[in-house]
Each structure stands twice: as structure tokens, then as C-alpha cells.
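Respectively, the protein sequence lines represent chains F, C and R. According to our numbering, numbering within the first sequence proceeds without interruption in unit steps and concludes at 324. According to our numbering, numbering within the second sequence proceeds without interruption in unit steps and concludes at 1331. According to our numbering, numbering within the third sequence proceeds without interruption in unit steps and concludes at 2317. One structure is given below, encoded as C-alpha cells.
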Amino acid sequence: MSGALLEVEDLHVWFDLPNGKQLHAVQGVSFSIDAGTRLGMVGESGCGKTTTILALMGLLPQIATLSGRVLLDGTNILEQGEETIAPHRWKDIAMVFQGAMNAFDPVRRIGDQIAEPMELHGYASGREAQHRVRELLETVGISPTRAGSYPHELSGGMRQRAAIAMSLACSPRVLLADEPTTALDVMVQAQVLELLTYLSDELGLALVFVTHDLPIVAQTCTRAAVMYAGRIVEQGPTEALYHETRHPYTRMLWAATPDLEARDDVLSIPGVPPRLDAELRGCPFAPRCYLAASRCADDRPELHSVGAEHESACHFASSVEVVA
Amino acid sequence: MSANGRPLLEVEDLVVRYPIGRGLSGAILRRPHQHVHAVSGVSLSVARGEMVALVGESGCGKTTTAQALLRLVHTDSGSVSFDGIDVTALSQGELRSLRRRMQIIYQDPYESLDPRFRVAATVAEPLVIHDIGSRSERRDLVTSALEQVGLAPAELFADRYPHELSGGQRQRVAIAASLVLGPELLVADEPVSMLDVSVRAGILGILDELRDQGLAVLMITHDLSTAARFADRICVMYLGRIVEEGPARQVIDDPQHPYTRALLSVVPRRDPRHRAEVQILRGETPNPIEIPSGCRFHPRCPIAIDACSETDPKLQAKAGASGHRVACIRA
Amino acid sequence: MSPVQTGAPPAEEAPATRSLRWRSVAAPILQNKSALVALAMLAFFVFLAVFGDLLIAGDPKAKVGDVFEPPSREFWLGTDGGGASMVDLLIAGARVSLLIGFCAAAISAVIGGTVGIVSGFFGGKTDTALMRLTDYFLVIPDVPLMIVIAALFGRSTWNIIVIIGIIYWTFTARLIRAQTKSVRERVYVQRARALGAGNTRLIVRHVLPQVTPLLVANTVLLIAYAIFAETFITFLGLGDPSAISWGRLIENAFTDDAIINEAWWAVIPPGLCVMFVVLACTIIGQTMEDALNPRLRTGHLSVRRFRVLRPKPEVES
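Structure follows, in C-alpha cells:
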């Protein structure tokens, strides 16, 4: 794991609740990513994937408490909180937020908005910034002449590309993308995924792709981490996650996802995720798990190796049937 | 089929247009009125016990078509015939009683239910509107509708407010409210796109069962994988027209229209090892105000020839394949 | 083993939540300290208005002491220019001022709410016509109009109420119209329409419940406006000669040359009473409006202020 561009070690995030309790939103998440690779973080609503990447950017509010280490080139940028993260924000790690394409200021030109982070972080200004803006627009597949357009003059797909351009403004090495294609049509989604793949293959960007859509991760990412109730329950090469699934939740997610050619039944996962404002005993997925035994209610499974660079947090990992 | 063997719902050459204001300068300069051509001649049919998926990207007119079927928007021309009755010609009063037989489910389960109504009140509302049944009869109908959608025991859910339910449960309540009148046609507008993956199958399963019980279902969706698995027939829309339609498996396995082919090629697949011939079309769907000449798709079509910019192809059946029609001169 | 379909999701225990009415109307006030203080103040004055008769012995205007007597143990706030006890007069005044304020606000709320809902729900020509009407009323300066109408139609209490009521509804109408328009577009309203619900049902069962909290919040603010308006109308000499209101007390103080006599107790207390009630209503109204409009909250903007836990040092066992 040493030498990776970004390493997250045992990240925890707690949120203070109005009733005095705490919500344990992220419970010991660890992963690493190298330059030029794409990691998919998959999970359903409330699993903590967005909170995890917001923590990496240091964009959490006062009611949040963090612990753990976030190593960028071996240095822990989480050490002193905002003080140590701020210098890296946008310049080393940048983010494309969920719904970014709709978050543009409607009365300012796109070019100015893409240039804004450069000026704010002292990366470039004036004519140099304008030049860089045009470069960025070309990189993301927008004609540089559109720098003078207003957001409403661009289509949805183009606005999403502009949002990506904005996140690349200060040449970061890690890009965190939160549901970047969720609101887009499938053809435009393909265009944006093609762009993100290009950015990581050709420009060496390390991409963390947060989404609830497993097939996108299957097609775009080399590695994936499946999150449930604030924890990573399975992590490994995407191929292994499909062809050698080792966690029942992952297995049930595949079963719940229809495929163009599959003829098998599409299944749902009964029950709801556990509340995170109280400490859980045992495996958080046990109440909904088809493999659960009495052991699962008391004994919390930890992530352990189940294959080459493949980990799973399940007592019965080897009993999980493969998808195909 | 309905009593005389015809499909329950038949739509022929439906056209829906919205005029856009010319503005003051436009009026002075006498610029011609422009229109948003939301739906430009759509014909489809849905039979009892059949699920038809209307698929397409945003702006293709699928939602407008669905709303026009229920006369929730005006129709400029064309006919919508439900069980032989011309829906477009009905008066408000006649329309009201027809509404009992055709229902719609919306995309957003978090907005579909009035936050101030308990579940029982939401499900009973259609009965109250149409003045059906006594109070105890309504209670029974509500209970059976809730159980039909899997919210059992019904007493446990009946007194809850929407904010106490999950997204999937809310959508079930919306479906129950649609079923309580005993409709014959259900239009589902993206019924699961806002729900978590793990709960989608449950909702789709309900629609599946309803179809097996003889309900006609028209499902609007952008998700081809879902359409492939659940629908009997698929109609692919582009810029206000149906460009291909046929039995679901045939359209998926043997697409005839270049748009359908391109669309299918970019749908992400589950298997990471899947190596697809991905055909990414450049640009985006043109806006429905300025429709390209000839075939609407020709500016983005990978196999367009000169004739394509002049001829506007009609939906025609492929030779030898019954029920599979395509609008392309090169098919 | 392979995953098995096990049917519909089981119903988990519903968290104990209170109804929406509580959460949107009562809770924000009870949880906000300044709003609670304001509520207490208002309650105090309402108490005076309702139970005033029991506290005053006889006619409050009766001469019970010398003219402009300063505050003493007998007369806590002294006497006015006619020798009547200021305390008695203030208590009697509470009833009139608050009555006028509440009634006028109610009239404004009813007119404004109706115009707003009809205009917002039906749109089109109805909307345009009603908004033109609203604009006319907005453009006319309220004070001169009140003076003119008061001068023309006489100076009874009821007239004052009506005058204030028909001037201040425009503000409410615009607010309610905007809210109605947004509610009308909600999916559940469209769904009810698709089910065959008529306009009446849509308005009464779906729009009104969503609009009412805002209307209530706005009406509380209107009470503040109305009481203030009554005060200066009366101060200008256009009020009901037979009614004792706080505005009348101030007017009397001036006509009786209280300032020259340095009788501050005849001028300032009524002014303070008006101020406290107006302040109380404003705070309560604003608190309710803030609670109803979540976009006004800016707490979420203060990111980057999270805390980081230092790793605990190893404990020697």
C-alpha cells in the first residue's frame, strides 16, 4: 500500500445530533488509490460514501468530528484539520459535487466561474487564467469559444463537463466525483464517462467515483469498494467483485440490478439499513442477510483478504455464490 | 385485448405543441410563431395484460405523451382511444368518470404524497373524490389496496404520515392510491428512478403482478435494462416520434434503428469483462423547437446518407418480423 | 445459497414523531428563547385586555386625583391631564388597541389570503386582474389614504378597523400568491387533479393546509402593523372620540400639554406599551416565518469547521 498517491486509514466521521447523540456516519473506512486509476465507491443512500469524500476535502461542518489519517504522498493532511487540508484543497484534491451542473451562478459567464478557483487559490490570474480556462474547456470537450457563454446557454451535458473543468482548474492529482452522471441521459452519461476515463488514462488523474449505479462502476472503474452502514464491506478489482463476489450485500446488489441481457429475476433486498446513531453489535447487514447465522449478530466481521487485493467483511465470504 | 379484440388503449398520430412567445420585438418584426414540438405524431397501443415501455432520453416527449393520454395536457391533433372511447372529445364530466379507469404514478415518491395526509387518507382520497362507498366500505377498500402493494399488515401503515415512510414505501402508497378505484390502465412515469436499487425490484414486481392480473401498463423510463426485463413491448422515442417499436426482446437483441443501436451500446452492463462496441453519438438531442429536416435523427446518425435529410421515414414493419416496426430508410 | 426473494419489506417501528402542525407552527416558537419572551409579553397584554374589567374599579376616565400627578404609591404611573389614573387608562387602552389590531389584521388576512390563493391557483387572466388591483393598492400611500377615508367616513372604532384592514392586505396577498403557485405545482396536487379532484377540493384539502402556516405567521406581523397604524391615526386626531386606546392616550397627553407640564408618565408609558406589543408580534411572526422558510437558514454554509480527534496515546496496561 505504500507509495500510493492517496491513502485513507481508518477514517471515522461523527455528526452531533440535536438530541445529544452522535451519528456515526463513517466507521473506519480505509482505501488507497494510485495515479491513473479509477476507484468506484458504491452504496445506497445513507451508506456514508458522500460523507467520506467530503471528509477528504475537509468540507464538513462544525457538528462533524473526524478521526483517522488521510495520507497524500505519505503526509497526513487531516492532522490539524482545516489548517492542513486547506493548502491541498482544489490544488491536489478536487471534487465534482452532486448536481454541480445546476450549481453554476446564472449571471456569470462560464469562463469566469471556471477561472474563479484559480484566482482564489493563487494558481493563476488574469490573462494566464483565461488561457488556462480555454485549455480546460478543450480538455473536457467544449469549444473554447464557449467561455463567454452563460450557464443557461449550455446543455446539461455541457454544464457537467464545465463543472469537471472547474474542478480541474488548479491541476489536481486526485478527483472525487459524486454521482457525476446521475441526472444525465444515457448517451450524455456515456460521453462524460468517456471523458473521465480519458482524464485518468491520459492525464494520470486518480479518480474516486461515488455512485449508487453498479454497472457504471463495472464498466468504468478498475477497483471498487462497496459501502454499507458507514463501512466498506467488500473491496477489490471490479472483475473480482462480479466474478468472485465475496460479500452477500454485494451479491444482492448485483441481483437487484437488471442487465440488458440477463434473464434472471431481479430481486430486492428486504428491510432497511440500520440506524447509525447507536453502536451496533455484530454485522450491520445481518438482519437482511440471506447467509446470516447466530454468529453474525454478536461477532462483527472485519475486512480480511479473500483474494488478490480483494477484501471482504463477512464470516461466510466463501459461501457467497457468484453472479455468473 | 378488450371485449371486441382491440387493444384497450390506442393512440394515433398524437401531436402536442406548445407555442413560445415571440416577445415584443418578435411581434413587431412579425416573426413567425415558434413551437416546441413535444410530440409529433405518435401512435402506440397497449392491450390488457400487457406492459409497454416508452423509452427515450429527456426531451423526447415520452412524459408529454403520457400526460396527453390522460388529458392532463391539451392535444393539438390525433386521437386517443380508450376502450373505444375518444378521450380527446370528452367533456369534463365524462372525463372525470373515465379517470377512474386510467391512473398515473409519478416519478418522485417524496413529492407524490401530501405531507399532511395520513396514508389511509391518501389511499382513500380517490374514493372520496368519486363519492364511492360508505366509510366502512372505504376502509375495507383501502386495507385491501395496501395489502395488494405489500404494505401489510395494513393497520400498521394506515395511520402513518409520509415522512415516516421510506421512499419505496411511499411509492407503494402511491400505487395503492391508484389501484383503489380498480383502473384498467396504469401509466407509470419513471416509477423507480428515484429509489435505491435494493427496493426497485419490489416496486417493479408489483407492476409485474398487476400486469399478470390483466392491467394494461404503460411504463415511461429511460432505463433500457429495466424495460428489457419487465416490458412486453418497447417503443423507442426520439424528438417527439417513435423511431422503433416491437417485442421487448426483439428490440433489445436485434435493434433496427441506428439510434436504438447506439443507445443500447452505451447502456452500462453488469459484467466488468463485457467488451462492447460502444457507439457514442456526438452532441446532444437538438431542442424540439428546431426539428431537423427529413429524418429527425440524421444530423447525429452514424449511417446517414443524403436521402436522409430529405425524407421523413414512417414507422414500418420489418419484413418477416411481426410487430417490429422501425422508422428508417436504411433498415 | 443464493439470494431469495422474501417479499415486501417488513414494517419497522415508526419513530415517535409529532404531527406536522406542531412542528411547523408551535415548535419553532417554543424552542426559541427570544420568541418565548415575546410570547410572554404578548400574553401579558392580552391578559390585561381580556381581564381588564376586573382590575379597574369604575370608569377609567374618572377623575381620581389631581391633574398630572407624578407616579406615587397610590397611582403607580401617576395621572393624566384629566386626573385619571394612568394605570387604569393603560389597561383600558390595551383592550381597545389590541382589539383594533387583531380585528384589522384578521380582515387583512382574509382579504389578502383569498386574493392570494385565488390569484395563485387559477393564474391567467384572474391572476393578472387581481395583481393589477393589488398594485393599485400598493401604490397608494397608506397614511394619506387612511387620513382621507377617516375624515370622510367618520371616526368610529369600527371604521378604523376597516380602514386599516383594507390597506394592508396587499403584502399578504403577494406572499400567499407566491406560496400558492408553488404548492399548485407540487406533484401531489397534480396527482389529485389526475384522480379527478375538482378545484374546490384541491384548494381546500391540499393548498390551504400548506398555505395556512405562512398566513398565520404573516397575520401576526400584520397585528404589529395594525396596532401601530391605529396609534398614529388616533394620534392625528382621527380616532374614535369615545374609545380609549393607547394612541388616544398619547393624543390626549399632547393636547393637554403634558410635555410642558413635564408629565412624562402621561406620554411615555402608552408609547412603550405600543412598542412592546409591536415588538412581541414582530418577533413571533418572524420566528414563525423563518421556521417555515428553510432557505433562510445559512448554517450549512459554515463548512470547514469540523473537529479532528487526536489519536489516543497508548495506555500502559
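Ideal placement from N, C-alpha and C gives every residue a C-beta, glycine not left out. Source: prediction; values computed, not measured.
Chain C places no beta carbon closer than 7 angstroms to that of Met41/F, leaving this residue out of the contacts. In this structure Phe2306/R is buried. Its beta-carbon is surrounded by 16 or more other beta-carbon atoms within 10 angstroms. By the neighbour-count criterion, in which 16 or more other beta carbons inside 10 Å mark a residue as buried, Lys49/F falls on the buried side.
DSSP places Phe209/F within a strand segment (E or B) once states are collapsed to three.
With contacts defined as CB atoms closer than 7 angstroms, Arg134/F and Ala124/F fail to qualify as a contacting pair. In this structure, the CA atom of Ser294/F is about 15 angstroms from the CA atom of Leu280/F. Along the region 1119-1189 of chain C, the alpha helix (DSSP H) occurs as fully enclosed runs of 4 or more residues at 1119-1129, 1135-1148, 1154-1158, 1167-1179, listed in sequence order. Taken in chain order, the complete beta strand (DSSP E) segments of 3 or more residues contained in the region 1017-1089 of chain C are 1034-1046, 1051-1055, 1077-1082. Rounded to the nearest whole angstrom, the C-alpha separation of Gly307/F and Leu184/F is 35 angstroms. When 7 angstroms is used as the limit between beta carbons, Gly1202/C is near these residues of chain F: Ser268, in chain order.
Look at Glu1010/C here: in three-state DSSP terms it is strand. Counting only unbroken stretches of 4 or more residues, the alpha helix (DSSP H) elements lying wholly within the region 2129-2178 of chain R are 2142-2153, 2157-2167, in sequence order. If you check each beta-carbon in the region 216-245 of chain F against every beta-carbon of chain C, the ones closer than 7 angstroms belong to Ile216, Ala218, Gln219, Thr238, Glu239, Tyr242.
Here the C-alpha atom of Ser1112/C lies approximately 39 angstroms from the C-alpha atom of Ser1293/C.
Taking C-beta atoms under 8 angstroms as the contact rule, Glu261/F and Val322/F fail to qualify, at a distance of about 17 angstroms. Counting only residues of its own chain and dropping the five nearest sequence neighbours on each side, Thr1260/C has a CB closer than 6 angstroms to the CB of Val1236, Glu1244.
Rounded to whole angstroms, the separation of the alpha carbons of Asp1114/C and Tyr2188/R is 6 angstroms. For Leu1210/C against Phe1230/C, the beta-carbon gap comes to about 11 angstroms, at or over 8 angstroms, which does not count as contact.
Ser2245/R and Leu54/F have their C-alpha atoms roughly 59 angstroms apart. Rounded to whole angstroms, the gap between the alpha carbons of Val2278/R and Phe2232/R is 13 angstroms. Within the same chain, Cβ atoms closer than 7 angstroms to the Cβ of Val217/F are found at Gly40, Val42, Phe209, Thr211, Ala224, Thr238, the five residues on either side in sequence being excluded. Chain R has a Cβ within less than 7 angstroms of the Cβ of Ser1112/C. The criterion of a C-beta distance shorter than 7 angstroms is not satisfied by Gly2113/R and Arg2177/R.
Residue pairing of Cys1235/C in beta bridges, as defined by DSSP: Leu1054/C, Glu1245/C.
Against chain C, the CB of Ala2194/R has a partner CB under 7 angstroms away; the residue lies at that interface.
Taking C-alpha positions only, Ser1081/C is separated from Ala2291/R by approximately 49 angstroms.
Of all residues in the region 186-198 of chain F, only Val186, Met187, Val188, Ala190, Gln191, Glu194 place a beta-carbon less than 7 angstroms from a beta-carbon of chain C.
Think of a sphere of 7 angstroms around the beta carbon of Val2303/R: the chain F residues whose beta carbon falls inside it are Leu59, Leu60, Pro61, in chain order. Closer than 7 angstroms to the CB of Ala278/F there is not a single CB belonging to chain R. Along the region 1114-1140 of chain C, going in chain order, the ones with a CB nearer than 7 angstroms to a CB of chain R are Asp1114, Pro1115, Arg1116, Glu1125, Pro1126, Ile1129, His1130. For Ser2097/R, the enclosing alpha helix (DSSP H) starts and ends at 2086-2122. DSSP assignment within the region 201-267 of chain F yields the following whole alpha helix (DSSP H) runs of 4 residues or more, N-terminal first: 214-220, 238-243, 248-256. Taking the Cα positions, Met187/F is about 10 angstroms away from Val1278/C.
Linking Arg2205/R to Arg288/F through their CA atoms gives a straight-line distance of about 39 angstroms. Setting aside the 5 residues that flank it on each side, Ala2062/R is surrounded in the same chain by Ala2084, each with a C-beta closer than 7 angstroms to its C-beta; the list follows chain order. Note that the region 2168-2184 of chain R does not touch the region 2087-2101 of chain R; fewer than 3 beta-carbon pairs, one per stretch, sit closer than 8 angstroms.
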